[in-house]
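Numbering (our numbering), first residue to last: 8 to 403.
Below, the structure written as structure tokens:
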């Protein structure tokens with residue numbers, strides 16, 4: 008057991024540091040002389056280095072608890088032996104780091120894949136109720152951007168950071184997201200959801216994977232390579248079909264491949280940027296929402312001036328039913344995006360995006376069976392098994 012642990016907390020909001028030191032003690036029971044340093048804009052807690060024993064610390068912890076948002080690290084010398092990330096009183100990470108392997112971080116990435124699969128369900132519901140015209144797609148993108156801004160401004164204490172580089176990357180990512188949303192609705196109208204999923208998810212995996220290997224010098228090995236091959240094979244297994252696709256469908260699928268791959272690549276580039284000043288994860292999500300609204304409104308105005316004819320397919324439900332769908336989607340996708348963006352800081356792009364891809368394929372198949380009563384065929388079952396094996400190989 009370690010004696011004299013150094014604890015460092017950095018954050019911009021009021022916190023109660025004692026409770027988080029207490030959580031660390033749960034993992035390292037018997038600590039003596041816990042030393043912690045707190046920095047930032049603080050008003051209700053200790054603002055200097057202090058050394059206390061475990062019994063005193065336990066008593067303090069039970070009576071102090073306020074909102075905390077930030078990183079919590081315990082160091083033994085220069086080695087981080089315990090790490091947690093808190094997000095508005097929700098402990099997202101509770102990690103005992105061992106040999107550089109972050110088990111809970113991987114678990115959270117898999118959870119984000121589950122959230123992504125649920126967002127597909129809501130997108131499909133939106134497509135069924137509202138149609139697939141360009142205006143409907145841009146309206147969806149604009150509305151999700153607005154709700155994203157509102158939610159994360161509340162979470163961030165009605166403040167948002169800004170840097171030119173972060174806004175540029177946010178605008179680029181929002182452009183990719185908006186465009187592949189439009190393409191997605193078009194493909195769903197054609198009834199090629201399986202084919203759409205294949206190109207969407209493999210693009211989101213393969214593009215950042217090779218970007219990490221080529222431009223970021225991220226490591227790879229035979230196990231990761233085999234995991235990539237197995238995961239891709241699992242994705243392909245879900246899309247075996249006797250139906251032929253036409254040239255238009257193929258071009259749209261290729262667009263989805265590179266657009267979604269661009270989203271993942273931009274996210275990773277922003278998170279690992281060291282030359283230019285960048286904002287934090289929450290601030291970046293807010294900037295993405297702002298950029299999405301600007302981009303979508305510009306396209307809506309373009310369509311208005313162009314006087315695009317009304318779509319032939321009429322919505323099944325009218326009124327503002329789509330707003331509720333939009334709110335649910337924003338909550339799900341925002342949490343998923345936050346987990347993925349934060350995970351990109353500590354997990355290589357060559358690992359994180361294949362995990363998201365394989366996990367999303369698995370959960371999408373299960374979600375489709377639950378919400379749309381789609382039968383899990385032998386091909387889908389084989390895909391689930393292969394993707395699971397691929398995820399395990401990539402996590403090794």
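Idealized CB from N, CA, C, for every residue including glycine.
query	result
Taking the beta carbon of residue 276 as the centre, do at least 16 other beta carbons fall within 10 Å, making it buried, or is it exposed?	buried
With 16 as the cutoff for other CB atoms within 10 Å, does residue 224 come out buried or exposed?	exposed
Quick check on DSSP: helix, strand or coil for residue 197?	coil
Less than 8 angstroms between the beta carbons of residue 167 and residue 290, yes or no?	yes
Measuring alpha carbon to alpha carbon, tell me which residue in 359, 391 and 361 is nearest residue 374.	391
Per DSSP, what kind of secondary structure is residue 184 in: helix, strand or coil?	helix
At a cut of 8 angstroms, does the stretch 148–156 reach the stretch 263–280 through at least three beta carbon pairs?	no
Taking residue 298 and residue 177 to be in contact with their CB atoms under 8 angstroms, please state how far apart those CB atoms are, rounded to whole angstroms.	5 angstroms
Where does residue 283 sit, in a helix, a strand or coil, going by DSSP?	coil
In the DSSP assignment, find the alpha helix (DSSP H) that holds residue 150 and state where it starts and stops.	141–162
Please state whether the Cβ-Cβ distance between residue 330 and residue 208 is less than 8 angstroms.	no
Please state if the CB of residue 158 and the CB of residue 347 are separated by a distance shorter than 8 angstroms.	no
Using the three-state DSSP reduction, which class does residue 253 fall into: helix, strand or coil?	coil
Nearest CA to the CA of residue 300: which residue from 148, 125 and 132?	148
Taking only the alpha-carbon atoms, compute the straight-line gap between residue 226 and residue 169 and give it to the nearest angstrom.	32 angstroms
For residue 6, which three-state DSSP category applies?	Absent from the structure is residue 6, since the part of the chain shown begins at 8 and ends at 403.
Evaluate contact between the stretch 122–136 and the stretch 339–346, counting only Cβ atoms and requiring at least three cross-stretch pairs below 8 angstroms.	yes
Distance check for residue 191 and residue 240, CA to CA, integer angstroms please.	22 angstroms
Would you mind working out which of 189, 237 and 255 sits nearest residue 133, comparing C-alpha positions?	189
Measure the C-alpha to C-alpha separation of residue 140 and residue 195 and round it to an integer number of angstroms.	12 angstroms
Could you tell me if residue 164 is buried or exposed, where buried requires 16 or more neighbouring beta carbons within 10 angstroms of its beta carbon?	exposed
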